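Visitor: Provided herewith is a single structure, encoded as structure tokens, for subsequent inquiry.
Numbering (the numbering used here), first residue to last: 6 to 101.
Given below as structure tokens:
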């Protein structure tokens, strides 16, 4: 998995994340902001699960799951906007 390092020029906060819409091994991740711990995190948002179809061949579909912070296990996550605001100071984070 290739990680992207983002840094806030204003406060120095750093986040090493997968980036938007990453899929790995049947798991979908989304980069989000945890409102509780004020971190940018990658959270699982969907998993591939087997499904029964009307014919003899089983299929697979995406099942959405409730996003949780991998640090505090809280559910107060918001998608990280494309403008990449720092969750700590509100400054702009970039991937230099």
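Ideal Cβ placement from N, Cα and C applies to all residues, glycine included.
Since the structure is predicted, the reported quantities are computational estimates derived from the model, not experimental observations.
1) According to the neighbour-count rule (16 or more other Cβ atoms, all chains shown, within 10 Å of its Cβ), is residue 45 buried or exposed?
2) Since residue 9 and residue 100 are thought to touch, with beta carbons under 8 Å apart, how far apart are those beta carbons, to the nearest angstrom?
3) Taking DSSP's pairing of strands, which residues face residue 36 in a bridge?
4) Beta-carbon within less than 6 Å of residue 93's beta-carbon, same chain only, minus the 5 sequence neighbours each way: which residues are those?
5) On the three-state DSSP scale, how would you describe residue 74?
6) I need the boundaries of the beta strand (DSSP E) containing residue 84, first residue and last residue.
Guide: Looking at the atomic coordinates:
1) By the 10 Å Cβ count, residue 45 comes out buried.
2) 5 Å
3) 47
4) 16, 18, 43
5) coil
6) 82 to 84
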